[in-house]
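Asks: Note that UniProt numbering has the sequence shown beginning at 1, numbered continuously upward. Ideal placement from N, C-alpha and C gives every residue a C-beta, glycine not left out. Please read all numbers here as calculations on a predicted model, not as lab measurements.
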Amino acid sequence: MMNTVTSNKSLVHKKSIWLSIWQAKYIYLMLLPLFIWLGVFCYAPMYGILMAFKNFKARLGILGSEWCGMAHFVRIFQTPDAVRAIRNTVLISFGRLIFEFPMGIILALMLTEMPGKHVKKTYQTIYTFPHFLSWIIVAGIINNFLSSNGAVNIWLKNMGLPTINFLANAGTFRGVLYATADWKEMGWAAIIFMAAIAGIDPSLYEAATVDGASRLQQIWHVTLPGILTTICVMLILQVGNMMNAGFDQVFNMYNDVVKQVSNILDTYIYNITFLATPNYGFSTAVGLFKSVINFIMLIVANGVVYRLSGQKMFQ
Numbered sequence: 001m002m003n004t005v006t007s008n009k010s011l012v013h014k015k016s017i018w019l020s021i022w023q024a025k026y027i028y029l030m031l032l033p034l035f036i037w038l039g040v041f042c043y044a045p046m047y048g049i050l051m052a053f054k055n056f057k058a059r060l061g062i063l064g065s066e067w068c069g070m071a072h073f074v075r076i077f078q079t080p081d082a083v084r085a086i087r088n089t090v091l092i093s094f095g096r097l098i099f100e101f102p103m104g105i106i107l108a109l110m111l112t113e114m115p116g117k118h119v120k121k122t123y124q125t126i127y128t129f130p131h132f133l134s135w136i137i138v139a140g141i142i143n144n145f146l147s148s149n150g151a152v153n154i155w156l157k158n159m160g161l162p163t164i165n166f167l168a169n170a171g172t173f174r175g176v177l178y179a180t181a182d183w184k185e186m187g188w189a190a191i192i193f194m195a196a197i198a199g200i201d202p203s204l205y206e207a208a209t210v211d212g213a214s215r216l217q218q219i220w221h222v223t224l225p226g227i228l229t230t231i232c233v234m235l236i237l238q239v240g241n242m243m244n245a246g247f248d249q250v251f252n253m254y255n256d257v258v259k260q261v262s263n264i265l266d267t268y269i270y271n272i273t274f275l276a277t278p279n280y281g282f283s284t285a286v287g288l289f290k291s292v293i294n295f296i297m298l299i300v301a302n303g304v305v306y307r308l309s310g311q312k313m314f315q
């Protein structure tokens, strides 16, 4: 009797799922191009992961090539250039986390506190515009400003000060990466935090004002706790992207002079795949290693943030 009841409940549940899908069939039909795109460009290429465990030969194909186990992964840690690329990737990504992540929050708070709706929108547009410029354009602008014959060095020379080739100096190049990434992306990041701030109940600010709280105290005790969930989610996502140090930016700005401090995993993969004798198995292994570390960092960051703040992105 119990088995019959359970079977009937399961059947009803399955029918209700298919019924709800049928009732929303046009919405699912609109999602069909997205599912096709995900299948073709995200899931189908996973077949190529097999190359990370094979001595890939193009004439033999992926399945016909000889298995090599974990040899490519061992080689990563035995290759000085690969180890250096890992170190540079971590250092640049960590620097971005320290210098870039808080800027979106700070800018959002500053724009929110601005009086005048039109003034606020004007400044928001100015700060957001660089996000829509490609890194090729940004690299050209930065080169015109910071190269040995750029505007900054011309000004230093006119002031009687020593010139600095910022883009060909290992001591300043990473600082240029952080500064340009901040300039380009902090306006876009601020939009997310401003949206979270807009969702805070205005009565909380009214109560804080009645209690005599200053604007700074309201930011600290009302605004920041109100957007804590958004901050935690964005922090988890950025930590989970730690092994991606920004290929577009680095590739368009680095040069052989600063290669020792700027060659990251993505540019290393590009170099060993297209600028040297191709070894697709090894380059696939480096890419897979990068993705696995990112996944681990995502899980760890989610757990640490949950322990510290009680907020988490997923169960």
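Touching or not, the stretch 175-193 and the stretch 136-150, by the rule of three or more beta carbon pairs under 8 Å?
Replies: Yes, since at least three Cβ pairs between the stretch 175-193 and the stretch 136-150 fall closer than 8 Å, the two stretches touch.
Asks: Given 8 Å as the limit, is there contact between the stretch 278-285 and the stretch 44-61, that is, 3 or more CB pairs closer than that?
Replies: Yes, they touch.
Asks: Grouping DSSP H, G and I as helix and E and B as strand, with all else coil, what is ASN241?
Replies: Residue 241 sits at position 241 when you count from the first residue of the sequence shown. Correct three-state label for ASN241: coil.
Asks: Using the Cα positions of LEU204 and THR230, report the straight-line distance between them to the nearest angstrom.
Replies: Here residue 204 corresponds to residue number 204 of the sequence shown, with the count starting at 1. Here residue 230 corresponds to residue number 230 of the sequence shown, with the count starting at 1. If I take the Cα positions, the gap works out to 18 Å.
Asks: Using the Cβ count rule (16 or more neighbours within 10 Å means buried), how would you classify ASN158?
Replies: One-based indexing of the sequence shown puts residue 158 at position 158. Classification for ASN158: exposed.
Asks: So is LYS290 buried or exposed if we call it buried at 16+ other beta carbons inside 10 Å?
Replies: Reading the sequence shown from its first residue, position 290 is the one you call residue 290. The residue is buried, with at least 16 neighbouring Cβ atoms inside 10 Å.
Asks: Per DSSP, what are the beta-bridge partners of LYS113 in this structure?
Replies: In the sequence shown, the residue the question calls residue 113 occupies position 113. In the sequence on display, residue 113 carries Glu and not Lys. Beta-bridge pairing links GLU113 to no other residue.
Asks: Does the count of Cβ pairs from the stretch 289-303 and the stretch 237-252 closer than 8 Å reach three?
Replies: Taking 8 Å as the limit for Cβ pairs, the verdict is that the stretch 237-252 does touch the stretch 289-303.
Asks: Quick one: give me the first and last residue of the alpha helix (DSSP H) that GLU206 is part of.
Replies: Counted from its first residue, the sequence shown places residue 206 at position 206. Run containing GLU206: 202-210, per the alpha helix (DSSP H) assignment.
Asks: If you drop the 5 nearest sequence neighbours on each side, which residues of the same chain put their C-beta closer than 6 Å to that of VAL176?
Replies: Along the sequence shown, one-based indexing puts residue 176 at 176. If we look at VAL176 and ignore the five residues flanking it on each side, its Cβ neighbours are PHE166.
Asks: Roughly how many angstroms lie between the CA atoms of LEU224 and GLY104, to the nearest whole one?
Replies: What you label residue 224 is simply residue 224 of the sequence shown in a count that begins at 1. What you label residue 104 is simply residue 104 of the sequence shown in a count that begins at 1. Cα to Cα, LEU224 sits roughly 13 Å from GLY104.
Asks: By DSSP, does LYS54 sit in helix, in strand, or in coil?
Replies: As a first step, residue 54 is located in the sequence shown; it is residue number 54 there, counting from the start. In the structure shown, LYS54 sits in a strand (DSSP, three-state: E or B).
Asks: Taking a contact to mean a Cβ-Cβ separation below 8 Å, would you say GLN260 touches TRP135 in this structure?
Replies: Taking the first residue of the sequence shown as position 1, residue 260 is located at position 260. Taking the first residue of the sequence shown as position 1, residue 135 is located at position 135. Taking 8 Å as the Cβ cut-off, GLN260 and TRP135 do not qualify as a contacting pair.
Asks: Take ARG96 as the anchor and find which of ARG307, GLN238 and ASN252 has the nearest alpha-carbon.
Replies: Taking the sequence shown and counting its residues from 1, one reaches residue 96 at position 96. For the residues ARG307, GLN238 and ASN252, the minimum Cα distance to ARG96 belongs to GLN238.
Asks: For the stretch 143-155 against the stretch 121-134, do three or more pairs of beta-carbon atoms, one drawn from each stretch, fall closer than 8 Å, so that the two count as touching?
Replies: In short, these stretches do not touch, since the Cβ pair count stays below three.
Asks: Give me the Cα-Cα distance between GLY187 and GLY69, rounded to the nearest whole angstrom.
Replies: Your numbering for residue 187 matches position 187 in the sequence shown. Your numbering for residue 69 matches position 69 in the sequence shown. Computed Cα separation, rounded: 46 Å.
Asks: Can you list, in chain order, the residues of its chain with a C-beta nearer than 7 Å to that of SER65? Leave out the 5 residues immediately preceding and following it.
Replies: Residue 65 sits at position 65 when you count from the first residue of the sequence shown. Around SER65: LYS54, ASN55, PHE56 and LYS57.
Asks: Identify whether GLU185 lies in helix, strand or coil by the three-state DSSP scheme.
Replies: Residue 185 sits at position 185 when you count from the first residue of the sequence shown. Reduced to three states, the DSSP call for GLU185 is helix.
Asks: Return the Cβ separation of ALA108 and MET234 in integer angstroms, given the expectation that the two are a contact with Cβ distance under 8 Å.
Replies: Along the sequence shown, one-based indexing puts residue 108 at 108. Along the sequence shown, one-based indexing puts residue 234 at 234. Going by Cβ atoms, the distance from ALA108 to MET234 rounds to 11 Å, so no, they are not a contact pair.
Asks: Note down, one range per segment and in chain order, each alpha helix (DSSP H) of at least 4 residues found wholly within the stretch 61-96.
Replies: Counting whole runs of 4 or more residues, the stretch 61-96 contains the alpha helix (DSSP H) stretches 61-64 and 71-78.
Asks: Using the Cβ count rule (16 or more neighbours within 10 Å means buried), how would you classify LEU72?
Replies: For the purposes of this step, residue 72 is taken as the residue at position 72 of the sequence shown. For the record, residue 72 in the displayed sequence is His; it is not Leu. HIS72 is buried by the Cβ-count criterion.
Asks: Looking at C-alpha atoms only, which residue of PHE94, GLN217 and LEU63 is the closest neighbour of GLU113?
Replies: On the sequence shown, position 113 is the one that residue 113 refers to. The shortest Cα separation from GLU113 among PHE94, GLN217 and LEU63 belongs to GLN217.
Asks: Mind checking which residues open and close the alpha helix (DSSP H) that includes GLY248?
Replies: As a position in the sequence shown, residue 248 is number 248, starting the count at 1. A small correction: the amino acid at residue 248 is Asp; Gly does not occupy that position in the sequence shown. Taken as a continuous stretch (DSSP letters only), the alpha helix (DSSP H) holding ASP248 covers 247-253.
Asks: Report all residues from its chain with a CB closer than 6 Å to the CB of ALA168; omit the five preceding and five following residues, and keep chain order.
Replies: In the sequence shown, residue 168 corresponds to position 168, counting from 1. The residues are VAL257.
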